[in-house]
Amino acid sequence: MSSSPDKNVVEVYCNDIISMTWQGQNYLSVTPGAQYSGTPTAQKSTNVWTITFLCDQDSSTGVAQTFNGWCGGDGHEYCPTSGDSEPGELSFAFAMECVFAVNGGKYNVQLCFGQGSKGMRNNWWFGSHLVVDSQELVVRDSSGKEVAAYKMSGDTSELTLTKI
Numbered sequence: 010m011s012s013s014p015d016k017n018v019v020e021v022y023c024n025d026i027i028s029m030t031w032q033g034q035n036y037l038s039v040t041p042g043a044q045y046s047g048t049p050t051a052q053k054s055t056n057v058w059t060i061t062f063l064c065d066q067d068s069s070t071g072v073a074q075t076f077n078g079w080c081g082g083d084g085h086e087y088c089p090t091s092g093d094s095e096p097g098e099l100s101f102a103f104a105m106e107c108v109f110a111v112n113g114g115k116y117n118v119q120l121c122f123g124q125g126s127k128g129m130r131n132n133w134w135f136g137s138h139l140v141v142d143s144q145e146l147v148v149r150d151s152s153g154k155e156v157a158a159y160k161m162s163g164d165t166s167e168l169t170l171t172k173i
């Protein structure tokens, strides 16, 4: 284990997200024994949200199981670089409350983030009960009606949500 936690950064590109807030201690899972500091933070610059979390990169199945439970499992999770349908191990996971501004309305979406690794590189997982077929994020109003859909794409430390 390192003397201080690793700095882990992921970027989310989306024109319609107007705020992003960590959902609190109930939505933070860290591998037992791993060192971490503070909480996940999100900063916006134009249409890019930069999320930072200081945490060791020691993976466990327990964190992946927690992430899978938050999101709904296979089909509700996306990793642009893994090739797997859901993570088997993650170092940490957390959830952010994202507010989307769409067609004059504001809609809350819980979006979960988890970091794992594949081979020698780290990768980020993204998930939500509103992810469909591991390809799209569907934003719904309080009655469940679809108000917008976003194609998910990205890279190792990046998620792009492109309105369909």
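Each residue of the sequence shown is one higher than the last, beginning at 10 in our numbering. Glycine included, C-beta positions come from ideal geometry on N, C-alpha and C. Everything numeric in this text was worked out from a predicted model, so none of it was measured.
Local conformation of residue i per DSSP, three classes
i, result
"G1", "The requested residue 1 is not part of the displayed model; the chain covers only 10 to 173."
"Q236", "This structure cannot speak to residue 236, because the chain is shown only from 10 to 173."
"G163", "strand"
"T55", "coil"
"Q44", "coil"
"Q119", "strand"
"T70", "helix"
"S11", "In this prediction, S11 scores a pLDDT of 48, lower than 50, which makes its location untrustworthy; no coordinate-derived value is stated."
"N35", "helix"
Within-8 Å CB hit, residue i to chain C
i, result
"L99", "Within the model displayed, chain C is absent; a lone protein chain is all it includes."
Cβ-Cβ separation, residue j to residue i (assumed contact under 8 Å), whole Å
i, j, result
"E145", "E20", "Not really, about 19 Å apart at Cβ, beyond 8 Å."
"F62", "N131", "Not quite, the Cβ-Cβ distance comes to about 12 Å (not below 8 Å), so this is no contact."
"D164", "T90", "7 Å"
"T30", "E106", "5 Å"
"V141", "Y116", "Not a contact, Cβ separation roughly 16 Å."
"T75", "I60", "Incorrect: roughly 18 Å between the Cβ atoms, too far for contact."
Residue of the options minimising C-alpha distance to residue i
i, options, result
"Q44", "T70, S13, D25", "S13"
"G42", "D67, M29, K16, F122", "D67"
"K160", "G153, K154, S143", "S143"
"G78", "S151, G113, N35", "N35"
"K154", "G114, G33, T169", "G114"
"L37", "A104, S152, A158, Q119", "A104"
Test item: CB-CB of residue i and residue j under 8 Å
i, j, result
"V108", "I173", "no"
"V111", "V156", "yes"
"S100", "G125", "yes"
"C121", "A102", "yes"
"G71", "P96", "no"
message: Across the region 46-61 and the region 135-143, are there enough close Cβ pairs to call them in contact, namely three or more that are closer than 8 Å?
response: no
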